[in-house]
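Heads up, the thing below is written out as structure tokens.
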Amino acid sequence: MTQPITEENLQKTVEQVVQSMKVTDIHTHLYAPVFGDILLWGFDELVTYHYLKAETMRWVDISYDQYWQMSKVEQADLIWQTLFVENTPYSEACRGVLTTLQRLGLDVKSRDVQTYREYFESKKLEDYVRQVFDLAGLKCAVMTNDPFNPQERTVWLDKIKQAKAEVDPRFRAALRLDVLLCSWEQSWDLLRQWGFDVTHDLNERTIEEVQRFLREWIRIMDPVYMAVSLPFDFQLPEESARAQLIESCILPVSRETNVPFALMVGVKRQLNPGLKDAGDGVGKMDISSIDYLCSQYPHNKFLVTLLARENQHELAVLARKFRNLLPFGCWWFLNNPSLIEEITSMRLELLGNSVILQHSDARVLDQLIYKWDHSRKIIAQILTRKYRDVMATGWVLTEAEIRRDVEKLMGGNLWSFLERKL
Ligand code: RAT
Ligand code: ZN
């Protein structure tokens with residue numbers, strides 16, 4: 005273990021370390037089994053992933069409405085026929101389905117959808133979660149928890165809070181605040197119905213009460229962070245309810261409770277509403293809003309991922325300036341091999357080890373398998389190149405040092421960021 009790494013064993017060692025590292029997946033849309041059927045899994049869910057719906061709708065000659073009227077199984081059959089039978093499935097989302105089936109031990113060349121369905125039907129969810137976590141090499145997955153979602157709320161308030169039950173420790177919460185921040189027109193009234201003394205006008209009392217709402221949900225969920233997905237035209241400072249809620253409510257509570265604020269910026273919401281959950285696009289954001297947050301709130305911690313490729317370099321440069329900013333992952337449309345390669349290389353060159361390289365964004369449990377499989381391969385290749393360059397100077401490395409680096413890059417930095425005093 006402390007033997008120096010040689011030119012000959014470098015690649016193999018890095019691959020082994022990256023392959024075997026148990027990761028913290030900092031952003032997913034998965035749920036612990038206690039949440040019931042909002043945890044998606046199985047063949048039909050895999051194949052009807054919204055990334056694949058968008059790809060299918062480029063080919064088929066049916067209206068969006070006709071598509072949405074189909075049952076889940078019919079949708080899956082159409083997607084399979086269109087993308088896997090009539091075309092070669094090499095888009096990243098298609099290949100992901102194949103990697104998943106293969107790693108589960110299914111015969112991909114049979115193209116036998118019936119057998120695939122039967123395989124999942126024979127599974128018990130509890131065992132299957134364990135199997136997927138093992139195959140994906142996960143220590144824990146951070147969920148996306150919306151206190152405004154009625155189904156989720158009920159589980160938190162009835163099952164977890166009342167029974168004083170622990171959420172499955174493999175799943176950690178993230179308090180997602182899109183509804184509070186981006187739909188104040190509706191959310192203030194819901195808060196009022198839930199007993200918070202708020203008005204539409206963001207006066208002093210309302211601000212105190214929104215803070216109380218946040219503290220209460222932090223107590224209930226014990227989240228790793230509070231998060232919001234923001235549109236590409238997000239600006240701060242600005243005269244809007246959203247900006248005021250961030251500065252007057254989120255940031256003070258985030259600082260006081262040491263629950264960082266995660267900003268995911270760059271969506272063009274519902275660019276094509278006919279596609280529903282597959283209808284969002286991407287736009288370049290003005291990074292000066294993140295400058296503003298990091299410099300004006302030096303005692304707050306920010307986790308940031310941006311959706312536009314064009315924003316990636318300036319985000320890495322900004323992180324060099326502010327230790328309260330931790331960039332993470334290659335998000336959504338960036339979670340493709342060519343872009344992971346580019347963004348990850350650049351981040352390592354500008355930030356060394358002080359970044360979280362990847363998250364899965366899995367919406368379907370089984371996707372953990374392929375998302376981490378594909379990312380690990382690219383991360384190992386890039387790190388091998390980086391270590392080779394360092395070794396070319398005469399620098400000597402050990403396996404323990406490689407393990408230390410990879411642990412930080414694949415989630416460890418999240419936990420040290422949470423504990424760090426600023
Ligand atoms: O990647 C996705 O599945 C997107 O639809 C979004 O959920 C995005 O990741 C988000 O968290 O808003
Ligand atoms: Zn997401």
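Take the sequence shown: its position 7, counted from the start at 1, is 11 in our numbering, and no numbers get skipped. Positions of the beta carbon are idealized from the N, C-alpha and C atoms, including for glycine.
- Item | Nearest candidate by alpha-carbon position, reference residue 4, set 342, 369, 335 and 371 | The question about residue 4 has no answer, for the chain in this structure spans 5 to 426.
- Item | Distance CB(residue 94)-CB(residue 110) smaller than 7 Å | Position 90 of the sequence shown holds residue 94. Position 106 of the sequence shown holds residue 110. Contact: no.
- Determine the extent of the beta strand (DSSP E) in which residue 95 is found, giving its start and end residues. Sequence index remark: in the sequence shown, residue 95 carries index 91 (1-based). Note, residue 95: premise wrong, no beta strand (DSSP E); not H, not E.
- Query: Of all the options 23, 198, 62 and 301, which has the alpha carbon lying nearest to the alpha carbon of residue 216?
  - Reply: By one-based count along the sequence shown, residue 216 stands at place 212. Nearest in C-alpha terms to residue 216, of all of 23, 198, 62 and 301, is 198.
- For residue 309, the residue or residues it bridges with in DSSP: For the purposes of this step, residue 309 is taken as the residue at position 305 of the sequence shown. 268.
- Message: Assuming residue 194 is part of the beta strand (DSSP E), what are its boundary residues?
- Response: Working through the sequence shown from its first residue, we reach residue 194 at position 190. Element bounds for residue 194: not the beta strand (DSSP E) but the alpha helix (DSSP H), 188-197.
- Would you mind listing the beta strand (DSSP E) stretches within the region 207-249 that are 3+ residues and don't spill past its ends, in chain order? 230-235, all fully within the region 207-249.
- Task: Within the same chain, show all residues whose beta-carbon is closer than 6 Å to that of residue 269, passing over the 5 residues directly before and after it, in chain order.
- Result: The residue labelled residue 269 in the question sits at position 265 within the sequence shown. Excluding positions up to five away in sequence, the list reads 234, 238, 289 and 310.
- Message: What residue range does the alpha helix (DSSP H) around residue 56 cover?
- Response: Looking up residue 56 in the sequence shown gives position 52. Judged by DSSP secondary structure, residue 56 falls within the alpha helix (DSSP H) whose first and last residues are 54-60.
- Take residue 339 as the anchor and find which of 125, 376, 146 and 129 has the nearest alpha-carbon. If you number the sequence shown from 1, residue 339 lands on position 335. Selected option, being the one with the closest Cα: 376.
- Would you call the CB atoms of residue 418 and residue 28 closer than 7 Å? By one-based count along the sequence shown, residue 418 stands at place 414. By one-based count along the sequence shown, residue 28 stands at place 24. Yes; because the gap between Cβ atoms is below 7 Å, this pair is in contact.
- Would you grab the beta carbon distance between residue 171 and residue 366 for me? Rounded to a whole angstrom, and I think it's under 8 Å. Here residue 171 is taken as the residue at index 167 of the sequence shown, counted from 1. Here residue 366 is taken as the residue at index 362 of the sequence shown, counted from 1. Rounded, the Cβ-Cβ distance is 17 Å, inconsistent with contact.
- Message: So, with DSSP's three-state summary, where would you put residue 315?
- Response: As a working mapping, residue 315 is identified with position 311 in the sequence shown. Assignment of residue 315 by DSSP, reduced to helix, strand and coil, places it in the helix class.
- Separation of residue 208 from residue 100, as counted between CA atoms: If you number the sequence shown from 1, residue 100 lands on position 96. If you number the sequence shown from 1, residue 208 lands on position 204. The C-alpha of residue 100 lies about 49 Å from the C-alpha of residue 208.
- Task: For residue 29, name the three-state secondary structure that DSSP assigns.
- Result: Taking the sequence shown and counting its residues from 1, one reaches residue 29 at position 25. Under the three-state reduction of DSSP, residue 29 is assigned to strand.
- Helix, strand or coil: how does DSSP classify residue 463 here? In the structure as shown, the chain starts at 5 and stops at 426, and residue 463 therefore has no counterpart that could be examined.
- Query: Considering only residues of the same chain and omitting the five flanking positions on each side of residue 148, which have a CB-CB separation below 8 Å?
  - Reply: The residue given as residue 148 occupies position 144 in the sequence shown. Counting only residues of its own chain and dropping the five nearest sequence neighbours on each side, residue 148 has a CB closer than 8 Å to the CB of 31, 32, 33, 178, 180 and 231.
- Task: May I ask which residues mark the beginning and end of the beta strand (DSSP E) holding residue 143?
- Result: On the sequence shown, residue 143 is found 139 positions in, with the first residue counted as 1. Looking at the DSSP string, the run of the beta strand (DSSP E) that includes residue 143 is 142-146.
- To the nearest angstrom, how far is it from the Cα of residue 427 to the Cα of residue 169? Since the first residue shown for the chain is 5 and the last is 426, residue 427 is missing from the structure and cannot be characterised.
- Item | residue 47 - DSSP class collapsed to helix/strand/coil | Walking along the sequence shown from the start, residue 47 turns up at place 43. Shown here, residue 47 sits in a helix according to DSSP, grouped into three states.
- Take residue 226 and list the residues in its own chain whose beta-carbon comes closer than 7 Å to its own, dropping the five residues that flank it on each side. Numbered from its first residue, the sequence shown carries residue 226 at position 222. Counting only Cβ-Cβ distances below 7 Å, and skipping sequence neighbours, we find 177.
- Task: From the DSSP output, in three-state form, read off residue 176 for me.
- Result: What you label residue 176 is simply residue 172 of the sequence shown in a count that begins at 1. Residue 176 carries a strand assignment under DSSP once its states are collapsed to helix, strand and coil.
- Message: Within 8 Å, do at least three Cβ pairs link the region 298-313 to the region 249-263?
- Response: With a cut-off of 8 Å, the region 298-313 and the region 249-263 count as touching, because enough Cβ pairs lie within range.
- Between which two residues does the alpha helix (DSSP H) containing residue 352 stretch? Position 348 of the sequence shown holds residue 352. Per DSSP, residue 352 belongs to the alpha helix (DSSP H) from 341-355.
- With a floor of 4 residues, list each alpha helix (DSSP H) that falls wholly inside the region 102-171, ordered by position along the chain. Taken in chain order, the unbroken stretches of alpha helix (DSSP H) that lie wholly in the region 102-171 and span 4 residues or more are 117-125, 129-140 and 154-158.
- Query: So, helix, strand or coil for residue 64, using DSSP?
  - Reply: What you label residue 64 is simply residue 60 of the sequence shown in a count that begins at 1. Here residue 64 sits in coil by DSSP.
- Whose C-alpha, out of 392, 329 and 242, is nearest the C-alpha of residue 10? As a first step, residue 10 is located in the sequence shown; it is residue number 6 there, counting from the start. Answer by Cα proximity: 392.
- Looking at the unbroken beta strand (DSSP E) that takes in residue 331, where does it start and where does it end? As a first step, residue 331 must be located in the sequence shown, where it is residue number 327. Its beta strand (DSSP E) spans residues 329-331.
- If you compare alpha carbons, which of 89, 145, 62 and 137 is closest to residue 107? By one-based count along the sequence shown, residue 107 stands at place 103. Ranked by Cα distance from residue 107, the options 89, 145, 62 and 137 are led by 137.
- Item | Neighbourhood of the ligand RAT [Cβ distance below 7 Å to any heavy atom], ordered by chain position | Going down the chain, each residue whose beta-carbon is closer than 7 Å to a heavy atom of the ligand RAT shows up: 31, 33, 54, 148, 233, 268, 271, 281, 284, 335, 336, 365 and 367.
- Query: Is residue 57 buried or exposed, if buried means 16 or more other CB atoms sit within 10 Å of its CB?
  - Reply: Your numbering for residue 57 matches position 53 in the sequence shown. Residue environment: residue 57 is assigned as buried (16 or more neighbouring CB atoms within 10 Å of its CB, all protein chains considered).
- For residue 357 and residue 246, the rounded distance between their alpha carbons: For the purposes of this step, residue 246 is taken as the residue at position 242 of the sequence shown. For the purposes of this step, residue 357 is taken as the residue at position 353 of the sequence shown. Rounded to whole angstroms, residue 246 to residue 357 spans 33 Å at the Cα level.
- From residue 341 to residue 362, what does the alpha carbon distance come to, in whole angstroms? Taking the first residue of the sequence shown as position 1, residue 341 is located at position 337. Taking the first residue of the sequence shown as position 1, residue 362 is located at position 358. Roughly 12 Å between the two C-alpha positions.
- Message: Below 8 Å on the Cβ atoms is my contact criterion, and I expect residue 146 with residue 271 to pass it. Report the Cβ-Cβ distance as a whole number of Å.
- Response: Stepping through the sequence shown from its first residue, residue 146 is reached at position 142. Stepping through the sequence shown from its first residue, residue 271 is reached at position 267. A Cβ-Cβ separation of about 19 Å leaves residue 146 out of contact with residue 271 under the 8 Å criterion.
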